[in-house]
Structure formats: C-alpha cells, structure tokens
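> Numbering (full-length UniProt numbering), first residue to last: 1 to 398.
Can you keep this structure in mind? I'll have questions shortly.
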C-alpha cells in the first residue's frame with residue numbers, strides 16, 4: 001500500500017497509475033478535516049416540527065396568511081413576496097425538498113441510534129454562522145434578506161461544491177463530460193448537501209439567525225473555502241494511512257481474542273484470521289456472515305424473512321438433522337413406528353397409476369430416512385415440494 005496515492009483527477013491510484021478507487025473514501029474528503037458532533041436533527045423531526053422550522057405561513061391553496069413573516073421578516077420583503085404569485089411555489093418547493101431530504105437521510109441513518117443526531121461532516125456550519133453573526137456588526141432585529149434569494153444562493157453554493165470536486169470527466173471549463181461521473185460526484189456530496197439545506201433553510205436564516213445580506217454572503221464564502229480545504233490533497237500518500245488504520249485495530253483485535261479462549265459461545269472467527277479472510281476475499285470462510293440493511297418496506301419480521309429466502313443459499317443438508325438407512329421391505333407394515341400414520345395417509349390418497357407403477361417397479365427394501373429441523377424448516381418457509389425437488393435434482397428416479 002505504500003505507493004497508493006490520491007491523484008489530481010480525484011481517483012486513487014498506485015505507482016503504475018492503476019485505478020484503485022474512483023473517489024477516495026467515496027466522498028473525497030481528508031479525514032483530518034472532518035469535524036464530529038455536528039447537529040443533524042432532520043431525520044428525527046416530525047411533520048409538525050418540520051413545518052414550524054421550515055414552512056412559511058401559507059395555506060394549502062397557495063395563499064399567504066395574514067401573519068406571514070410577522071416579526072422576523074422585513075416589511076418590504078414581505079410586500080414583494082405578496083405581490084409575486086410565484087413566490088409561494090418557490091417556498092413550497094424548498095419545503096418539499098427538505099421533506100425528501102428527511103426521507104433520504106432516514107434510509108442511510110439508523111433511526112434507533114439516538115447518537116446519530118450528531119454527524120461527522122467536513123465543515124462546521126453552525127460555528128461559521130455564529131462567527132458571521134458576531135463579526136458582521138451588531139445583530140439586527142429583523143433580517144433584510146429575501147427568502148427567494150436565500151434559496152437561490154444556497155442552491156448555487158451546492159452546485160459550486162460539485163464543481164469544486166475533482167473528477168477525471170471534466171473539460172477545461174469544469175463541465176462534466178459524462179453524466180455518470182456527475183452523478184457519482186453528486187452522491188459524494190449528498191449528505192453534506194442535505195446538511196446545508198437543513199441548516200440554511202430560508203426561514204431559519206431569517207427567523208433564527210437573523211442574518212443580513214452581508215453576513216449571509218460572508219457565510220457562503222466561508223463554507224465554500226472550508227469545504228475546498230477539506231478535500232483530499234492531490235498526491236497525498238493515503239496508502240500509508242490505510243495501512244496504519246488496518247494495523248492498529250488488528251493489534252487490538254488480536255489482544256481481545258486472547259480472552260475468548262475455550263469459550264464455546266464465541267464461535268465467530270475474530271482477530272487477525274478474520275481480517276485476513278476479509279482482505280484476501282477467502283472463498284471458504286470459517287464463519288461467513290453479512291449484514292444487510294433492508295428498505296423500510298421490508299423492516300418487519302415476516303418481510304425480512306421473505307427477503308432472507310432470496311438472499312440466503314440453503315441446501316438440504318442445512319435443514320437435515322439426521323439421515324438413517326433402514327431395512328424396511330414392507331412399507332405397509334413399516335418397522336418405524338413414527339412413520340405408520342404418514343404411510344397410512346399416503347396409501348389412502350395414492351391413485352391407481354401410482355399403485356401400478358409400484359407393482360411394475362417394486363421399491364428397494366432399503367429406505368433413506370431424513371429427519372428435518374422443524375423450526376428451521378418453518379423459518380425458511382419451505383414445503384415438502386421443495387425437498388422433493390432438491391432430491392430429484394440429484395436422482396430423477398425418486
């Protein structure tokens with residue numbers, strides 16, 4: 001890994017310029033520039049909380065209410081919004097985008113983990129907002145910003161961040177030559193884009209922060225500069241960082257496994273052997289396991305079991321507990337007491353064709369008796385037709 005580095009086109013390559021990764025870390029950011037414990041409350045917000053924080057005072061018919069922007073909006077700005085019939089559509093478009101952002105963030109964030117109210121992001125926007133409020137003069141009682149201007153400037157900032165992102169599919173003017181490359185970069189900045197839209201919502205800028213136009217422009221400029229500085233520096237020897245990041249936890253994994261010697265419950269491969277299985281992509285893993293995150297539609301037990309059936313590879317040996325070879329020449333008077341009722345029921349429903357076939361080809365006096373795991377059989381939602389089909393794949397005469 002000593003020759004793996006970040007290239008000027010945003011990719012990760014080795015000394016032979018062989019491609020290792022399309023985007024470093026999938027987001028292209030320098031780990032040393034990431035700041036933790038940044039508020040990210042939008043996934044856990046209810047509809048009423050969203051409306052109170054981001055939605056302006058207008059009804060479902062698209063008409064502003066009488067108290068529109070009452071104590072937090074400049075009267076001249078309020079009058080201009082009332083005169084423009086398209087302003088409601090633009091404000092509603094912003095709110096709809098925030099609702100989509102909430103749904104998208106819930107797909108990538110564990111909603112049961114309350115610690116996910118804090119995120120690790122490249123720019124501490126909250127601190128920059130506080131700096132803008134203190135350095136740009138005395139805080140005004142009412143912001144002179146137009147909400148439409150805030151929405152447009154935040155959108156322009158997001159487009160600018162996409163252009164700042166290095167990519168090997170750009171021309172000399174910074175325009176993408178490939179739609180897939182642009183989508184890959186947009187996905188890399190998606191989480192930070194959601195953070196920008198939720199923390200720089202136009203209503204929050206006017207009502208909560210009370211920023212004037214100069215402070216707002218200063219804030220946008222600082223965000224752009226900080227984000228550009230947080231991108232990985234071309235030529236950075238990230239291979240050594242990756243090797244160190246693997247080596248140090250591997251040492252701890254080995255030390256921790258020493259305490260599990262002789263414990264039967266610890267049946268999962270741990271420590272360096274497990275790490276080697278992952279790095280070498282071993283085909284015959286000692287304990288193969290995979291964690292699958294299901295979409296909201298399948299986040300119920302019965303639906304999750306349904307998805308498990310499509311993913312998990314199951315053989316007859318997995319659900320069989322015992323295999324016996326028994327000499328039983330007369331099936332009508334079987335020597336296995338447990339099977340008498342089942343054979344009696346089968347004889348009752350057997351048709352004439354089956355009886356003629358048995359007469360022409362008498363069954364073998366030796367039978368293979370398989371005892372299945374009832375709990376596992378039901379958990380995988382199998383039936384006897386599936387078992388019969390699996391056996392016939394090996395021997396069609398059965």
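Cβ atoms here follow ideal geometry from the backbone N, Cα and C, with glycine treated the same way.
Only counting the same chain, and skipping five residues up and downstream in sequence, which positions put a Cβ closer than 7 Å to that of residue 214?
As a first step, residue 214 must be located in the chain shown, where it is residue number 214. Taken in chain order, the residues that qualify are 136.
> With DSSP collapsed to three states, give me the class of residue 286.
Counting from one through the chain shown, the residue named residue 286 turns up at place 286. It is coil, neither helix nor strand.
> Rounded to the nearest angstrom, what separates residue 387 and residue 394 at their Cα positions?
Mapped onto the chain shown, residue 387 falls at position 387. Mapped onto the chain shown, residue 394 falls at position 394. In a straight line, the C-alpha of residue 387 is about 12 Å away from that of residue 394.
> For residue 282, does the count of other Cβ atoms within 10 angstroms reach 16, so buried, or fall short, so exposed?
In the chain shown, residue 282 corresponds to position 282, counting from 1. Looking at its Cβ environment, which holds fewer than 16 other Cβ atoms inside 10 Å, residue 282 is exposed.
> Where does residue 54 land, buried or exposed, given buried means 16+ other C-beta within 10 angstroms?
For the purposes of this step, residue 54 is taken as the residue at position 54 of the chain shown. That one is buried.
> If residue 40 sits next to residue 118, beta carbons under 8 Å apart, how far is it from one beta carbon to the other, in whole angstroms?
Within the chain shown, the letter at position 40 stands for residue 40. Within the chain shown, the letter at position 118 stands for residue 118. Yes, they are in contact, since the Cβ atoms of residue 40 and residue 118 sit about 7 Å apart, within 8 Å.
> For residue 26, tell me which candidate among 1, 231, 320 and 212 has the shortest Cα-Cα distance.
Against the chain shown, residue 26 aligns to sequence position 26. Ranking 1, 231, 320 and 212 by Cα distance to residue 26 puts 231 first.
> With DSSP run on the structure shown, which of helix, strand or coil describes residue 71?
As a working mapping, residue 71 is identified with position 71 in the chain shown. If DSSP states are grouped into helix, strand and coil, residue 71 belongs with coil.
> Output the distance between the C-alpha atoms of residue 291 and residue 308, rounded to the nearest integer angstrom.
As a position in the chain shown, residue 291 is number 291, starting the count at 1. As a position in the chain shown, residue 308 is number 308, starting the count at 1. In a straight line, the C-alpha of residue 291 is about 11 Å away from that of residue 308.
> For residue 242, collect the residues of the same chain with a Cβ closer than 8 Å to its Cβ; drop the 5 residues on either side in sequence, then sort them by chain order.
Translated into the one-based positions of the chain shown, residue 242 becomes position 242. Excluding residues within five positions, the ones whose Cβ falls inside 8 Å are 1 and 4.
> Assuming residue 336 and residue 325 form a contact by the criterion Cβ under 8 Å, report the distance between their Cβ atoms to the nearest whole angstrom.
Residue 336 sits at position 336 when you count from the first residue of the chain shown. Residue 325 sits at position 325 when you count from the first residue of the chain shown. Not quite, the Cβ-Cβ distance comes to about 12 Å (not below 8 Å), so this is no contact.
> Here's a check: name, in chain order, each residue in its chain whose Cβ is nearer than 6 Å to the Cβ of residue 377, leaving out the five neighbours to either side.
Counting from 1 along the chain shown, the entry for residue 377 is found at position 377. So the list reads 319, once near-sequence residues are dropped.
> Strictly by DSSP, which residues pair up with residue 58?
Here residue 58 corresponds to residue number 58 of the chain shown, with the count starting at 1. 64, per the DSSP bridge assignment.
> Quick check: the Cα distance between residue 293 and residue 47, rounded to an integer number of angstroms?
Against the chain shown, residue 293 aligns to sequence position 293. Against the chain shown, residue 47 aligns to sequence position 47. Those two C-alpha atoms are separated by around 25 Å.
> Restricting to Cα atoms, I'd like to know which of 89, 134 and 295 is closest to residue 110.
Residue 110 sits at position 110 when you count from the first residue of the chain shown. The option with the nearest alpha carbon to residue 110 is 295.
> Per DSSP, residue 35 is paired with what?
Residue numbering aside, residue 35 sits at position 35 when the chain shown is read from its first letter. Beta-bridge pairing links residue 35 to 121.
> If you measure from the beta carbon of residue 296 to each beta carbon in chain B, is any gap under 9 Å?
Annotation note: the requested chain B is absent from the structure, which comprises a single protein chain.
> Select from 131, 273, 246 and 251 the residue whose C-alpha is nearest the C-alpha of residue 211.
Residue numbering aside, residue 211 sits at position 211 when the chain shown is read from its first letter. The residue with the shortest Cα to Cα distance from residue 211 is 131.
> Taking just the CA atoms, how far does residue 10 sit from residue 425?
Only positions 1 to 398 of the chain appear in this structure, which leaves residue 425 out of reach.
> Please classify residue 177 as buried or exposed, where buried requires at least 16 other C-beta atoms within 10 Å of its C-beta.
Counting from 1 along the chain shown, the entry for residue 177 is found at position 177. Burial call: exposed.
> Exposed or buried, which one is residue 196 when buried takes at least 16 other CB atoms within 10 Å?
If you number the chain shown from 1, residue 196 lands on position 196. Buried is the call here.
> For residue 231, list the residues DSSP reports as bridge partners.
Residue numbering aside, residue 231 sits at position 231 when the chain shown is read from its first letter. 29.
> Leaving out the 5 sequence neighbours to the left and right, which residues in its chain are closer than 8 Å to residue 229 when beta-carbon positions are compared?
As a position in the chain shown, residue 229 is number 229, starting the count at 1. Answer for residue 229: 33, listed in chain order.
> Could you check what DSSP says for residue 264 in three-state terms: helix, strand or coil?
Counted from its first residue, the chain shown places residue 264 at position 264. Its pLDDT being 47, under 50, residue 264 is placed unreliably by the model, and nothing is read from it.
> Taking its Cβ as the centre, do 16 or more other Cβ atoms sit within 10 Å of residue 73, making it buried, or is it exposed?
As a first step, residue 73 must be located in the chain shown, where it is residue number 73. That one is buried.
> In the segment 284-326, which residue ranges form an unbroken alpha helix (DSSP H) of at least 4 residues, counting only runs that do not cross its ends?
Whole alpha helix (DSSP H) segments, 4+ residues: 301-311 and 316-319.
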